Every structure is written in structure tokens, then in C-alpha cells.
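Everything below concerns the one structure shown next.
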RNA sequence: GCCGCGAUGGCGGAAUUGGCAUACGCGCUGGUCUCAAAAACCAGUCCCGUUUAACGGGAUGAGGGUUCGACUCCCUCUCGCGGCACCA
């Protein structure tokens, strides 16, 4: 029967076959090279969408390729199962988040199995399982012991819709990453992880990832971490026994500092506000505005503090202002202001009539003063003994001078902030901390882990953790002094769960350790990671940090968790990402039931290279369906002709062989180097076309090629490939077959087509023996009528000959 | 504003990294088969000129440059996408 009539039953049949034979379960084999292929695990929302399908199909091609290349491939899957949607569902449909989550997992597991992906299901994990989140708590305690976790009251991002705080990384342009509400600021006492301690190492790690991660992702991370080199300078405050420290990257402009500006939240501001009416009413006015408004404000405002500072380089007395454009979160929260060379200071100075003193002049060209600040580097002027130095030299020398006088130091600052992990929600890992009236804050003892998430909870979604009201859970005893204590009721950010799941996959059932080092030493690091670019500055930073922490604990040997990264593009319909709210969704299930999994997979791989956006097209799906049936018919044809005796024309046979091996070589390179599955498939189509037009289809040569083609195709359309493989008489799974090797010696034909250009324009193509000497080639070409016509009335100036490739005749008009 | 990426037929996309632009697929046109349609198969399909072939000319967002030769390298600009955003 033809594939198009029975693909539904056959696809299921082969899925069961693979599962039964357990062919995708690897065992640790130190003698064999390993390959860990990982896809970003899904949140169990209920149904898989096209984005999932794309992600997992790409992963499957890569895993399958290396498996067939003889590597020991580990390709696990699991569930990022904690998170807010489960709670929202609980409120909406009155089901327990756990029930909702587990049912979704059941459903999605089934859907995933119908994609025919070569997963090792034996190592499946779900992060909501206590056996998993126990280790989140264990890591938390390890970090606590090392001073990497702390609790602090501070202004934090608050999403009013999700009713919880958010980490910095989860606020994108002032908007919640999940629900797109505007984020507000709240002052709360929260748990932070000191990821900033690892800022430098996260940057250094990029050296290992260069060439293996998309450049784009590295740039995004680099900007996010935002290292800048500069000088920290101490300014004495006149009449007060205190100093204000500022950070600047432009120490070369210090002679141009005509005032100091301090953030409204700064200690100094608080101090001044107590005695200065102007200042206190100013900051009151500022604090009244919502932060959103403050951030968007175009006008800079401020107030004179009544105090003066002394510029340590020239003893000059300069006013100190409180200003709203100074950020408390960055640097020291105070700045030295050089209006001549910083546009923000320039605008402020204009408004408050503060002198603008030029201290840098351009090396070439004109300065932009007095119309706007001149910001580029240049030559120092009006700077005493430093005048004449370049900006670059000046920064060094000024810093050295300040250092010698004890007024400053070289300093690095980062934009990266500590990771806020407290969430005022139920469906997450309980933070393993108790508060004792006598002993204060205490981490839970290791032997008492996991701190189980209680089941009977009233979920309201209103502003506070629902755990607060579970009294028999909250109230506990201090393990130190025995007196009454309360549990921490916030849960952890779910990005904690996904920060180390790739390691747990290797040893998912371990109850004594997060994982057995002997096992992870074999599998880690992940050789190929595949997922969306939206995680560039979230998950991909967190897990890199976590890995480095595990490295410091001696749990892993590698510095980086993911050796190679592929970020796949979105699946769109009508130009924008598929989304429920826009109503532009194509359901994978519907497509699969109409055309089968193989067609769906083929379309997704063929329509665009994996990194690019993929626009859904029903018509193009039809094209893939057609190709699949064409392959099916080709094999049918071959099998029917198998026993016919052929009087084969050697020339045609060699031509086919040469074309096949050339294409196979390209396919190999397409897959290995650039993940270009679209062109690899195009070349499979070419091979198929060549076979169709081969006069002796069914002879030994074509039979061999067809067998190898089926193996190649099993990467993309495994079900049909398996079916055809068995039809061709094989008993083992095609997915365990060896990937065919191209033969260089068969690619080379003894003749080549050489394009002949005249002045760079193609005039003629000549077929010659390979390796023909230049002189002989010239003789041959110059006799050609077309060439003669093209160079008539001209004098040949020069011949450009690239051997076996191209000839260009350069002429001059007579 | 700063940083990064991109622009190739009617469409998705190719082009050995400076060497025959438009592979492969979709769509379209014509044909074969059929009472008819669908499917399948065959042929054609960048644009302009020409009576067909042959041929000639022009095209890789725009303009300039380097080169025997540029989709590819350099400069200027336009448009689109993404990230960050008063980061001192």
C-alpha cells in the first residue's frame, strides 16, 4: 500500500516500535564519544504549539545525526512545571495547580510522542516533583552558607497583574515578561542571589563560547552585564565631616566638573532633607510621581542642597545638587558633572545656570560647544599640568594622581544586578528558611529537606503568598532553641528550576545528591543546546551562573554548561508570532492528522533555516507532502525493477554517482557546520530527481544510493524512512544505521565546465579536461566563434585564469 | 539616543565565502491522462528588446568606491526587525 493511504497507522506503528526497542536510551560508554543534545524544556501549558514542534524537530535532527555518526547520544526531555499559569488556572477553573499541571503533562507527553522524536524518556523530570525541588532548596542553602544569598529591603519591580515581584531580567522595557502589564516599584524585604559576584566570570566565559554561540546572544549578554571601566573619586563636602564618592568613566574631564549631583534616594539627600525645606519638598514631589513617569521624564529637575564640595584635583568649590536624573541603582548614586562634555549635565547646567567649562578639544574638526556637549575623546585643555594629554592618557594620569593623594581609585562597575528570587506565589519551590524569635533568620537543615509545598491552600492570587495562611505549615519550631518559629512563605522564581535541570537529567532519580558526579562528568557539558533567543538575558545567564556555582562546589568539571547554542526563530502566521490573543494559530495536531508528522517535520525544516523566522504556509506544506509521496513511489518503482537485468551505460552511471556524492558531501557540511537543514533537504530532493531520471533505476548503483538516501532522510522524515528501510529488506531500525559517507574520489569527474568571461561578463562555457594547461586552454577558447565575436575590434590586454574554475579575458578597445 | 541583525524573482529561500546570480520548493502558464474534475506526470517561468531560436541589454534596498571580476569587501544613505535605554 502507498504511504499516503496508510501514513496514520504507520506513523503510530513505528513510534511504538522505537519505544518498545528502547533504541534512544544511551548507556554510559567511556569508550564511545558522547553527545548531549538538549532542547529547552517546555512549560506544560496543555498543548504543544508550532514553536515547540520547531524546537524539538530541530533538536531531533541534530541528535539523530550524531547518533548515526556513531556518537553516544543523550537526548532527554522533561517539564518546567512550576509557575504562574497553573495558579491562574486554579483560580479560573477551581482545580488544584498540581492536578492541572499533571494532566497537562500527560497530554503533552502524548503529543510529543507523536512527533517521533528520539527522546530518552527514561530520564524525564518535572520540576514540581519534590525530588527535584528538594535540590533547589539544597542549592539555596549552599549559597546561603557561602554568603551568596541575602535578604534585603529595597525597591523592587512589582507586576500588579501577576501580583508578585519580578527580577530585573523579567522586566522588558518596563513591562512584565509574562503578562505585559506595566511594572510598578514597591519597597519589599526580599531574597536575592548575588549573581553580581560572578559578573566578571560570566564575561570571561564568553571567550569559551565565542564561535559556538550566536554572536547576537553574546552581545546581548555583554550589554546586559554592562561592564564599564572608570575611576571612583572622593569629594569632600565643605563644612561637613563627610565625603561623597562618585564614579566616572571620564576622569580626563575632571577639571571641567562644575557641580556634583546626587540621587534622590542617596544617604546625603536624606541627611540634607532633614534640615533644608527646599530639598525635602523637592524629594517629596519626586517620590509622589510613579516611577514609570519618572523614568520617562524628558526634563531634568533638581535642587541645590545648600552645600559645596571640593574638587580634589584643583581644590575648587563646586555646588552639590540633588537631581532626578541620577540613578541610585548604578555606580555610587552620585556623579561629578561636566556640562561641557556630557549632554545630560549640559542640559541640567543650562537650566540651573551653572557654568560650562570646556576642558577637552577635538583633535581634528570643530567642537559642538556651545550648542551641545562635546562628548568624544580629544585633547585636554584648561587642565593645569594635564593639559595637552589625550583623553586616554588623561584618564590614566588623573587616576594615578588621585590615587597618590588618596582621593580616588580605578574601579569597574556592572549594570548587572543581583537576582531577586522571592515570589509571592504558591506554585513554586518553598524558600527553605525559618524565622525564629530568638535566633533570627535560619536556613532549614539539610536533613529536613525538602520543605514540602503544602497541598491544601486557598489560592486567591492576591498580592501575598497563599502559604501565609496555611497555619500548620507556617508555624514551626526552631531547630536551634526550640522556641516558636515561622517559615518563609515566599517561593522561588521558577528560573531557579531551569538553571540546573540539564544536570539533573543525567541522574534524575538520585535521592542523596542533586546528581552523581560520575554520571555528569561523562555527559556534561551539553554539546548542543537549542531554544528561543528570548532567553538570552534570562535563563541563559542564570544557568551559566548556576553552573559556575556548581563548579565552585566541585560538582561539575566544566566552566560552561552549554558548549554550542542554536537559537531558533519564531513561527509566524501573517508576519507575526502565533498567539491566542491575535488568533493566528496553526495547531500542530490538525496539521499532523491531515498530513502526518513527517510532512509537518519536513515543512518546518525546509521552509527556512532554523535561526530565521518561519512563516507558516499551507501551500508549502502541500509541496512537502508531494515530495514524501514521490520518495515513497520511487522506492516502489525500484523494488518492482529489482530483478531486471540492466545493460548499464557507464557514463550515465558515473554521472549519477558523482552527483550523488557531491550532494552528500554538501548535505554533511550543511548539517554539521551551519544547521542548514533547508538546503540539506533541497539536496535530498535533487538526489530524488536525479534518480527519477536515471535510465537504469533498479540497478546496483541506484539501489545503493537509494538505501543511503533513506538513511539521510530518516533525519527529517523518520517514519517513512523506517517504513522504506524495512521494505528494502532491513531488520534493524534505520535510526541506528550508519550515516553514509561521501566518497571524494567519486565526486571528481575528469572534465569540468569553465565559464569564459570577457571583461567580467559571461560569454561562453567551455568543457575541458580537468587540469588542462593554461596555454592549451587559451588555444581552445580563442577558436570559439562566440568568444571571437565578443573580442572583435579589441586588443586582449590580459588573461585571468583560475585553474579548472574560470577564465576572464580583459580587453582594450583598439 | 546607543548596540546588534537584516534587505536577492509573484512567495519561502540558494549561491563552494570575491568567480556561471536566482539551487530546491511554492505559485503561475501550457500540455498529457479524463466525459469532467482532483491527483499524477511532462514542459516553461527574473525583467526589457526581438517574428521564434539565436542574440543583445538590465537586475541582488539606493548611491559611490576597491577589483580583471562584487549578493559577497569598504564608505554614505533609506527602510525593516531585535536588544538596551538618563548606566555617568
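In this note's numbering, the protein residues as written are 3 to 816.
Even glycine gets a Cβ: it sits at the ideal position worked out from N, Cα and C.
Being a predicted model, the structure only gives us computed values, none of them experimental.
Per DSSP, what kind of secondary structure is residue i in: helix, strand or coil?
i           : result
residue 517 : coil
residue 669 : helix
residue 180 : coil
residue 590 : helix
residue 676 : helix
residue 17  : helix
residue 660 : helix
residue 189 : strand
residue 427 : coil
residue 201 : helix
residue 769 : strand
residue 759 : strand
residue 433 : coil
residue 161 : strand
residue 218 : helix
residue 410 : strand
residue 257 : helix
residue 446 : coil
residue 144 : helix
residue 570 : strand
residue 559 : coil
residue 713 : helix
residue 127 : strand
residue 266 : coil
So residue i and residue j are supposed to be a Cβ contact under 8 Å. How far apart are they, rounded?
i           : j           : result
residue 513 : residue 8   : Not quite, the Cβ-Cβ distance comes to about 46 Å (not below 8 Å), so this is no contact.
residue 607 : residue 59  : 6 Å
residue 348 : residue 341 : 5 Å
residue 138 : residue 431 : 4 Å
Tell me which same chain residues have a C-beta within less than 8 Å of the C-beta of residue i, skipping the five on either side of it?
i           : result
residue 183 : 161, 162, 163, 164, 177
residue 154 : 191, 192, 194
residue 581 : 587
residue 247 : 234, 235, 236, 237, 334, 336
residue 658 : 692, 693, 696, 703, 704, 707
residue 407 : 314
What's the call for residue i, buried or exposed, on a 16-neighbour Cβ count within 10 Å?
i           : result
residue 612 : buried
residue 622 : exposed
residue 213 : exposed
residue 292 : exposed
residue 454 : exposed
residue 471 : exposed
residue 598 : buried
residue 17  : buried
residue 175 : exposed
residue 144 : buried
residue 483 : exposed
residue 4   : exposed
residue 299 : exposed
residue 490 : buried
residue 15  : exposed
residue 272 : exposed
residue 112 : exposed
residue 378 : exposed
residue 427 : buried
Excluding sequence positions up to five away, which residues of its chain have a Cβ less than 7 Å from the Cβ of residue i?
i           : result
residue 783 : 758, 768, 789, 809
residue 717 : 63, 66, 67
residue 614 : 571
Can you name, in chain order, every residue of its own chain whose Cβ lies under 6 Å from the Cβ of residue i, other than the five neighbours on each side?
i           : result
residue 712 : 723, 726, 727
residue 152 : 194
residue 364 : 380
residue 48  : 106
residue 230 : 251, 415
Legend entry - 4 or more residues per run - each alpha helix (DSSP H) lying fully within the region 599-653: Listed in chain order, the complete alpha helix (DSSP H) runs (minimum 4 residues) inside the region 599-653 are 599-608, 620-643.
Legend entry - alpha helix (DSSP H) runs contained entirely in the region 775-804, provided each spans 4 or more residues: Counting only runs of at least 4 residues, the region 775-804 fully encloses the following alpha helix (DSSP H) elements, listed from N- to C-terminal order: 776-784, 787-793.
Inset, instruction - Taking only runs that begin and end inside the region 29-111, name each unbroken alpha helix (DSSP H) of 4 or more residues, in chain order. - result: The qualifying runs are 52-70, 86-95.
Inset, instruction - Would you list, in sequence order, the uninterrupted alpha helix (DSSP H) runs of no fewer than 4 residues that lie entirely inside the region 315-402? - result: Here the runs fully enclosed are 345-354.
Legend entry - Segments of 3+ residues assigned as beta strand (DSSP E) that fall wholly inside the region 454-540: Complete beta strand (DSSP E) runs here, min 3: 477-479, 486-489, 530-534.
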